[in-house]
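Taking the numbering used here, the leading residue of the sequence shown gets 10, the next gets one more, and so forth.
Ideal Cβ positions, reconstructed from N, Cα and C, are used throughout, including at glycine.
Presented below is the structure to which this report refers.
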Amino acid sequence: MSRIRLLDPLTANQIAAGEVVERPASVIKELLENSLDAGAQSVYLKIENGGKDKIIVTDDGFGMNADDMCLAFQRHATSKITTAEDLSQITTLGFRGEALASIAAVSRVHASSRQREDAAGTELKIEAGSVLSTKPSGCSEGTSIEISDLFFNAPARRKFLFNASRETAAISEIVNRLALSHPSVRFTYYSGPRLLLQTPGKGRLREVVASVYGLDLAEKLLEINYLKHDVELSGFLSPPQIHKATTSNIVFFINGRYIKDSILLNTIKEVYNSKIPGGRFPVAILNISIKPGSVDVNVHPQKLTVKFDRPEYINSVILAAVEDCLSRPDTDTWFIPQI
Ligand code: ADP
Ligand code: MG
10 MSRIRLLDPL
20 TANQIAAGEV
30 VERPASVIKE
40 LLENSLDAGA
50 QSVYLKIENG
60 GKDKIIVTDD
70 GFGMNADDMC
80 LAFQRHATSK
90 ITTAEDLSQI
100 TTLGFRGEAL
110 ASIAAVSRVH
120 ASSRQREDAA
130 GTELKIEAGS
140 VLSTKPSGCS
150 EGTSIEISDL
160 FFNAPARRKF
170 LFNASRETAA
180 ISEIVNRLAL
190 SHPSVRFTYY
200 SGPRLLLQTP
210 GKGRLREVVA
220 SVYGLDLAEK
230 LLEINYLKHD
240 VELSGFLSPP
250 QIHKATTSNI
260 VFFINGRYIK
270 DSILLNTIKE
280 VYNSKIPGGR
290 FPVAILNISI
300 KPGSVDVNVH
310 PQKLTVKFDR
320 PEYINSVILA
330 AVEDCLSRPD
340 TDTWFIPQI
């Protein structure tokens with residue numbers, strides 16, 4: 010008798026869920042990224058109990074029809090790529106087609122969606138990966154996904170979640186980053202009855218910075234705009250008199266995607282090294298735009314690390330841009346209207 014067997018789809022999805030869905034914050038990252046990929050102008054997020062009891066993401070994106078709704082929750086089902094060649098030219102945040110299947114395998118899902126051109130939408134209920142019901146729905150345009158009782162069928166996983174405030178902090182970090190990398194999208198984020206973030210969605214990054222970090226800081230940041238051949242850099246840097254206790258306010262976005270990159274982080278720290286006290290760190294929000302073909306985003310299931318074709322070159326452009334920005338006498342003052 011053979012000792013090896015193919016795992017059933019639910020077990021395979023639960024294993025895959027471990028890579029993509031670690032905690033409520035990772036579920037929210039995937040759901041919000043899907044909303045952004047669907048061209049949403051406005052995204053609403055509500056969590057209960059640090060996302061452990063409930064997560065609701067509602068968008069006004071292009072929605073899904075009934076067939077797509079059922080496919081969306083299956084593994085390796087994606088509308089974003091068709092062949093392996095497409096992996097070298099990714100312009101969407103998602104492309105692996107695993108997130109919804111992984112989330113559905115370890116929670117209760119209630120989703121509804123309607124395409125702009127359709128008269129009616131579809132409502133779908135899934136529990137632990139099994140579809141309970143689908144029916145037509147009079148929902149509004151766009152998509153709304155409600156995730157309840159995350160890891161209810163994976164107690165070992167649920168046990169490792171932190172308390173609500175720590176999970177909420179992790180979620181806020183994700184939401185803030187997505188909002189900063191998408192100034193044209195209006196983000197509304199509630200934890201229970203508390204409004205934690207509201208961005209205007211007018212396409213002005215400084216206004217998003219004001220929503221995330223406060224008006225006072227946003228008005229003092231220096232604007233950076235730099236173009237060298239095919240690398241464009243934009244965003245904000247703190248002047249040397251403003252510094253923070255951690256590096257968590259140094260964020261990089263590559264073509265709208267938040268990434269972790271220790272080399273770029275060290276470059277920023279080094280530039281500020283002689284300008285700010287030891288053990289203190291600047292605020293830096295840097296958007297790097299490069300050709301999609303010159304960066305590989307398919308390195309990690311959570312897509313947090315990327316591989317550049319020419320890492321030294323990118324690093325040298327950023328170094329030059331930041332040094333240039335900090336050496337410029339900045340006489341501008343900014344006024345940001347309260348929202
Ligand atoms: P991926 O984003 O990698 O394609 P997901 O499992 O996250 O995989 O989603 C599967 C598919 O479901 C997406 O490719 C997309 O077509 C569809 N989808 C998911 N969320 C939304 C949404 N909010 N609006 C419209 N379509 C969506
Ligand atoms: Mg996705």
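Within 7 Å: the Cβ of Glu39 and any heavy atom of the ligand ADP?
It does: the Cβ of Glu39 is within 7 Å (strictly closer) of some heavy atom of the ligand ADP.
Quick check: what's the CA-CA separation for Thr20 versus Asp77?
Each residue's Cα considered, the two are about 23 Å apart.
Taking contact to mean at least 3 C-beta pairs separated by less than 8 Å, is the stretch 83-90 in contact with the stretch 150-169?
Too few Cβ pairs lie closer than 8 Å, so no.
Classify Ala38 as buried or exposed, calling it buried when 16 or more other Cβ atoms lie within 10 Å of its own Cβ.
One point to set straight first is that residue 38 is Lys, not Ala, in the sequence displayed. Classification for Lys38: buried.
Measuring alpha carbon to alpha carbon, tell me which of Val194, His119 and Arg215 ends up nearest Leu133.
Leu133 has its Cα closest to that of His119, out of Val194, His119 and Arg215.
Given that a residue counts as buried once 16 or more other Cβ atoms are within 10 Å of its Cβ, and exposed if not, what is Pro338?
Exposed, because fewer than 16 other Cβ atoms sit within 10 Å of the Cβ of Pro338.
Hey, would you say Asn22 sits closer than 8 Å to Ala114, going by beta carbons?
Their beta carbons are under 8 Å apart, which means Asn22 touches Ala114 by this criterion.
Taking C-beta to C-beta, are Asp158 and Arg117 nearer than 8 Å?
Going by C-beta atoms, Asp158 is nearer than 8 Å to Arg117.
Have a look at Leu274 and Ser146 and give me their C-alpha separation to the nearest angstrom.
Roughly 47 Å separates the two Cα atoms.
Restricting to runs no shorter than 3 residues, where is the beta strand (DSSP E) found entirely within the stretch 146-225?
Listed in chain order, they are 151-157, 195-200 and 203-207.
Taking only runs of the alpha helix (DSSP H) that begin and end inside the stretch 213-290, which ones reach a length of at least 4 residues, in chain order?
Runs found: 214-222, 224-229 and 271-282.
Return the Cβ separation of Leu187 and Leu45 in integer angstroms, given the expectation that the two are a contact with Cβ distance under 8 Å.
The pair is a contact, with the Cβ atoms about 7 Å apart (cut-off 8 Å).
Can you list, in chain order, the residues of its chain whose CB lies under 6 Å from that of Pro18, leaving out five sequence neighbours each side?
No residues qualify anywhere along the chain.
Would you call the stretch 274-293 and the stretch 198-212 touching, i.e. three or more CB-CB distances under 8 Å?
Touching, no, given that fewer than three Cβ pairs across the two stretches are closer than 8 Å.
Hey, Ile180 and Gly60: beta-carbon distance below 8 Å or not?
Yes, the pair counts as a contact, with Cβ atoms nearer than the cut-off.
Which partner residues does Asp350 have in the DSSP bridge list?
No answer is possible for residue 350: the residues shown for the chain start at 10 and end at 348.
Thinking C-beta only, is Cys334 closer than 8 Å to Leu231?
Against a cut-off of 8 Å, the Cβ pair of Cys334 and Leu231 comes out as a contact.
Find the nearest neighbour of Asn74 within the set Leu226, Ala330, Asp127 and Tyr198, judged by alpha-carbon distance.
Of Leu226, Ala330, Asp127 and Tyr198, the residue nearest in Cα terms is Asp127.
Going by the C-beta, is Arg213 closer than 7 Å to any heavy atom of the ligand ADP?
Flag unset: Cβ of Arg213 not near the ligand ADP.
Three-state secondary structure (DSSP) at Val118?
Strand, per DSSP.
Leaving out the 5 sequence neighbours to the left and right, which residues in its chain are closer than 8 Å to Leu1 when beta-carbon positions are compared?
It is not possible to answer for residue 1, since the shown part of the chain is limited to 10 through 348.
So the candidates are Ser220, Ser174, Gly201 and Glu182; which of them puts its Cα closest to the Cα of Pro192?
Taking only the C-alpha atoms, the option nearest Pro192 is Ser220.
Starting from the C-beta of Phe161, find all residues in its chain whose C-beta is less than 6 Å away, skip the five residues before and the five after it, and write them out in chain order.
For Phe161, where only same-chain residues beyond five positions count, there are no Cβ hits under 6 Å.
Nearest CA to the CA of Arg32: which residue from Thr314, Asp305 and Arg175?
Measuring from the Cα of Arg32, the nearest candidate turns out to be Arg175.
Is the separation between the beta-carbon of Thr131 and that of Ser139 shorter than 8 Å?
No. Outside cutoff.
Where does Arg84 land, buried or exposed, given buried means 16+ other C-beta within 10 angstroms?
With 16 or more Cβ atoms within 10 Å of its Cβ, Arg84 is classed as buried.
With which residues is Ala293 paired in a DSSP beta bridge?
In the DSSP output, where bridge partners are listed per residue, Ala293 has Leu246 and Ile259.
Would you kindly check if the distance between the Cβ of Ile263 and the Cβ of Val326 is under 8 Å?
No, they are not a contact pair.
Taking the straight line between their C-alpha atoms, what separation do you get for Lys269 and Ile323?
If you take the alpha carbons of Lys269 and Ile323, they lie about 14 Å apart.
Between the alpha carbons of Asn307 and Gly70, how many angstroms are there, rounded?
Approximately 25 Å, taken between the alpha carbons.
For Thr100, which of helix, strand or coil comes out of DSSP?
Residue state, collapsed to three classes: coil.
Could you check whether Arg195 and Gln50 sit closer than 8 Å to each other, using their CB atoms as the reference points?
Yes, the pair counts as a contact, with Cβ atoms nearer than the cut-off.
How far does the beta strand (DSSP E) with Ile135 in it extend, from its first residue to its last?
Here the beta strand (DSSP E) through Ile135 covers Gly130 to Glu136.
I need the DSSP call for Arg337, collapsed to helix, strand or coil.
In this structure, Arg337 counts as coil in the three-state DSSP scheme.
If you follow the alpha helix (DSSP H) that Ile24 is in, where does it begin and where does it stop?
Per DSSP, Ile24 belongs to the alpha helix (DSSP H) from Pro18 to Val29.
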